[in-house]
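**Student:**
In the numbering used here, the protein residues as written are 1 to 171.
#1: Look up residue 105 in the DSSP assignment and say whether it is helix, strand or coil.
#2: With DSSP as the reference, label residue 117 as helix, strand or coil.
#3: For my contact list, residue 149 and residue 111 are in at a C-beta cut-off of 8 Å; report their separation, rounded to the angstrom.
#4: Should residue 158 and residue 68 be called a contact, given that it needs their Cβ atoms to be closer than 9 Å?
#5: Between which two residues does the beta strand (DSSP E) harbouring residue 93 extend?
#6: Looking at residue 32: is its Cβ nearer than 9 Å to the Cβ of residue 79?
#7: Let me make sure I understand the geometry here. Which of 86, 106, 59, 139 has the alpha-carbon closest to that of residue 76?
#8: Can you have a look at residue 11 and say buried or exposed, based on whether 16 or more other CB atoms are within 10 angstroms of its CB?
#9: Report yes if the CB atom of residue 72 is closer than 9 Å to the CB atom of residue 51, and no otherwise.
#10: Looking only at its own chain, which residues have a Cβ that is under 8 Å from the Cβ of residue 88, when we skip the five neighbours before and after it?
#11: Can you have a look at residue 92 and say buried or exposed, based on whether 16 or more other CB atoms are within 10 angstroms of its CB?
#12: Taking a contact to mean a Cβ-Cβ separation below 9 Å, would you say residue 174 touches residue 104 in this structure?
#13: Grab me the residues of residue 132's own chain with a C-beta within less than 6 Å of its C-beta, minus the 5 sequence neighbours each way, in chain order.
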């Protein structure tokens, strides 16, 4: 996995490893890691731009692909905003590209497990990030780490099956 230190720290306090009971995950085709000493609103915006650029790389740039990348970046926005609100200390953002999906992991220093708000969407203005992540992602979850937790989400990549006929390249 390619590793990029985006700002502020030379090495992250987080170790990017799943817990022992998580089983073996398939090796990512490629990926990128960003490490932040603190998560601010500006960091959330920079993470959005970086993930958008990463996910767009190698795509043809059709409207459907751009929409899919925008939704994947929105998941990153919500995960990073949760870190900003609940654990503003050091954080790692890891994005991998696998055969049919992008996987986003955010490691932070809070041991508190993420729990979706029980209110219905639309009943309040904040606390609905996990509802949005649930709606947009293929799946999501979390696990404890030695220094806090990691929250992950998978987003399906656009495929030729999901791209309208007029956007498909002719052989």
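Using N, Cα and C, we set each Cβ at its ideal position, and we do this for glycine too.
**Tutor:** From the atom records:
#1: Translated into positions along the chain shown, residue 105 becomes position 105. Strand.
#2: Within the chain shown, numbered from 1, the residue matching residue 117 stands at position 117. Residue state, collapsed to three classes: coil.
#3: The residue given as residue 149 occupies position 149 in the chain shown. The residue given as residue 111 occupies position 111 in the chain shown. Indeed, because the Cβ distance is near 6 Å, the residues count as touching under 8 Å.
#4: Mapped onto the chain shown, residue 158 falls at position 158. Mapped onto the chain shown, residue 68 falls at position 68. Closer than 9 Å, so yes.
#5: In the chain shown, residue 93 corresponds to position 93, counting from 1. 91-97 is the span of the beta strand (DSSP E), which, as asked, contains residue 93.
#6: Here residue 32 is taken as the residue at index 32 of the chain shown, counted from 1. Here residue 79 is taken as the residue at index 79 of the chain shown, counted from 1. In this structure, residue 79 does not lie closer than 9 Å to residue 32 by Cβ.
#7: For the purposes of this step, residue 76 is taken as residue 76 along the chain shown, with counting starting at 1. Comparing Cα-Cα distances from residue 76 to each of 86, 106, 59, 139, the minimum goes to 106.
#8: Here the question's residue 11 lines up with position 11 in the chain shown. Caution applies to residue 11, whose pLDDT of 35 falls short of 50 and renders its modelled position unreliable; the value that the coordinates give is listed next. With fewer than 16 other Cβ atoms within 10 Å, it is exposed.
#9: Numbered from its first residue, the chain shown carries residue 72 at position 72. Numbered from its first residue, the chain shown carries residue 51 at position 51. Yes; because the gap between Cβ atoms is below 9 Å, this pair is in contact.
#10: As a working note, residue 88 is residue 88 in the chain shown. Counting only Cβ-Cβ distances below 8 Å, and skipping sequence neighbours, we find 38, 39, 40.
#11: Locating residue 92 in the chain shown gives position 92, counting from the first residue. Classification of residue 92: buried, given that the 10 Å Cβ count is 16 or more.
#12: The structure shown does not extend to residue 174, since the chain spans only 1 to 171, so no value can be given for it.
#13: Indexing the chain shown from 1 puts residue 132 at position 132. Hits under 6 Å: 78.
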